[in-house]
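In what follows, a single structure is set out as structure tokens and then discussed.
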Amino acid sequence: MNKKRVSQIKEQFDLAIQSDETAKVEFWYARELMILLGYERWENFDKAISRAMDSCETSGIEVSDHFREVTKMIETGKGAHRSIKDYMLTRYACYLIAQNGDPKKEEIAFAQSYFAVQTRKQELIEERIALIERTEARGRLRESEKRLSQNIYERGVDDAGFGRIRSKGDQALFGGHTTMEMKARLGVKDNRPLADFLPTLTIAAKNLATEMTNYNVEEKDLQGEHAITGEHVQNNLSVREMLGQRGIKPEELPPSEDIKKLERRVKSQEKKLAAQAGKLPESTADGGVDNGE
136 MNKKRVSQIK EQFDLAIQSD ETAKVEFWYA RELMILLGYE RWENFDKAIS RAMDSCETSG
196 IEVSDHFREV TKMIETGKGA HRSIKDYMLT RYACYLIAQN GDPKKEEIAF AQSYFAVQTR
256 KQELIEERIA LIERTEARGR LRESEKRLSQ NIYERGVDDA GFGRIRSKGD QALFGGHTTM
316 EMKARLGVKD NRPLADFLPT LTIAAKNLAT EMTNYNVEEK DLQGEHAITG EHVQNNLSVR
376 EMLGQRGIKP EELPPSEDIK KLERRVKSQE KKLAAQAGKL PESTADGGVD NGE
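Going left to right, the sequence shown walks through residues 136 to 428 as the numbering used here numbers them.
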């Protein structure tokens with residue numbers, strides 16, 4: 136997600152912020168958040184809120200501190216009014232709702248970072264979005280390599296053979312440099328996966344080549360280490376050629392921070408989020424009715 140798009144979405148989320156001066160807490164109304172997150176039907180969003188409330192309770196956090204059902208009066212035409220259900224939601228509640236959404240949706244991907252970062256500084260939101268994109272890319276590569284391992288095992292190749300196939304693929308992608316040589320270039324310890332230190336672009340490139348191999352191994356029913364190695368090498372060479380057309384050489388890209396450290400940092404931020412978000416004010420005497428717009 137580029138900076139201009141992040142700025143545009145951020146402005147919309149900022150405009151929806153409500154505040155309670157006595158409780159010194161920021162909150163959002165669910166009906167407004169629903170639109171920001173790209174939901175079209177209240178019934179679907181209400182279910183997402185229920186899942187988020189379950190997550191809150193499972194974490195041992197008081198649900199009423201972060202989710203507050205209220206009633207709003209809306210005008211239906213010709214001066215008539217009717218009541219509708221809504222919720223007041225703290226930053227933590229909004230974060231849980233975003234976590235239960237589809238991260239492929241641009242609004243959800245943004246919201247997961249926007250609500251996780253206590254400060255609303257755009258550069259911190261951008262940094263976290265980039266981190267999430269990298270960890271998701273790493274997860275996809277992990278899954279595609281797991282599938283490849285299963286595919287080749289079913290076709291007569293053992294774990295050692297899988298290691299050789301993957302190594303030959305790396306050598307093709309990195310312009311003749313072996314996995315161990317790339318670890319040395321990037322300062323990666325021998326016992327750590329190279330992919331944990333690669334930038335998002337290179338992780339995505341490895342994943343594309345691996346997915347292509349999986350597809351052709353299954354479609355063509357390739358058998359044995361020799362045939363599958365040839366397929367994997369060719370796919371990595373094809374991906375390298377595509378990158379080269381855009382002036383990119385994977386072996387020359389700088390390393391990224393250890394993804395395990397980043398994951399620990401994210402979890403640490405999330406643990407603090409509930410406390411930092413504050414608590415919603417006590418319900419009003421009339422049952423929390425809100426006569427806003």
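Every residue, glycine too, gets a C-beta built ideally from N, C-alpha and C. In this text the structure is predicted, and so the values were computed from the model without any measurement.
Contact check for HIS367 and THR348: beta-carbon distance about 5 Å, within the 8 Å limit, so the pair qualifies. The residue from LEU259, PHE202, ASN179, GLU175 with its alpha-carbon nearest to that of LYS145 is LEU259. LYS240 is positioned such that its CB atom lies no closer than 8 Å to that of GLY304.
Contact fails between the stretch 259-279 and the stretch 299-313, because fewer than three Cβ pairs, one in each stretch, are under 8 Å apart. Shown here for LEU372: same chain residues with a beta carbon closer than 7 Å to its own, the five before and five after excluded, namely ALA307 in chain order. The C-alpha of ASP331 lies about 20 Å from the C-alpha of VAL374. Secondary structure note for MET377: its alpha helix (DSSP H) is the uninterrupted segment 359-380.
A residue is called buried once 16 or more other Cβ atoms fall within 10 Å of its Cβ, and LYS220, having fewer, is exposed.
Taking the Cβ atoms as the reference, PHE162 lies roughly 14 Å from TYR249, outside the contact range of under 8 Å. In this structure, the beta-carbon distance from LYS159 to GLY413 falls below 8 Å. Between the C-alpha atoms of LEU168 and GLN143 there is a straight-line separation of about 16 Å.
Cβ neighbours of THR314 within its own chain (closer than 6 Å, five residues either side excluded): SER302, ASP305, LEU329.
Looking only at MET136, ILE170, LEU321, ASN137, the smallest Cα-Cα distance to LEU150 is reached by ILE170.
When C-alpha distances from ARG140 are compared across ALA246, ARG327, GLU398, the shortest belongs to ALA246.
Under the three-state reduction of DSSP output, THR348 falls in the helix class.
Residue pairing by DSSP places PHE202 opposite LEU224 in a beta bridge.
In this structure, the straight-line span from the alpha carbon of GLN234 to that of ALA344 is close to 29 Å.
For the pair ALA251 and GLN153, the CB atoms are not nearer than the 8 Å cut-off.
Taking GLU417 as reference, the option from ILE287, MET136, THR157 with the minimal CA-CA separation is THR157. Between LEU378 and THR270 the beta-carbon gap is near 22 Å, outside 8 Å, which marks them as no contact.
For TYR174, there is no enclosing alpha helix (DSSP H), as DSSP marks it with neither H nor E. VAL160: member of the beta strand (DSSP E) spanning 160-164, first to last residue. In the three-state scheme derived from DSSP, where H, G and I count as helix and E and B as strand, GLU210 is classed as strand. Boundaries of the alpha helix (DSSP H) harbouring SER403: 394-411, taken from the DSSP string.
In this structure, DSSP gives ARG290 a state outside helix and strand, which the three-state scheme calls coil. In its chain, beyond the 5 residues on either side, no residue has a beta carbon closer than 8 Å to the beta carbon of GLU262. ASP155 carries a strand assignment under DSSP once its states are collapsed to helix, strand and coil. By the Cβ-count criterion, LYS406 is exposed, with fewer than 16 other Cβ atoms from all chains shown falling within 10 Å of its own Cβ.
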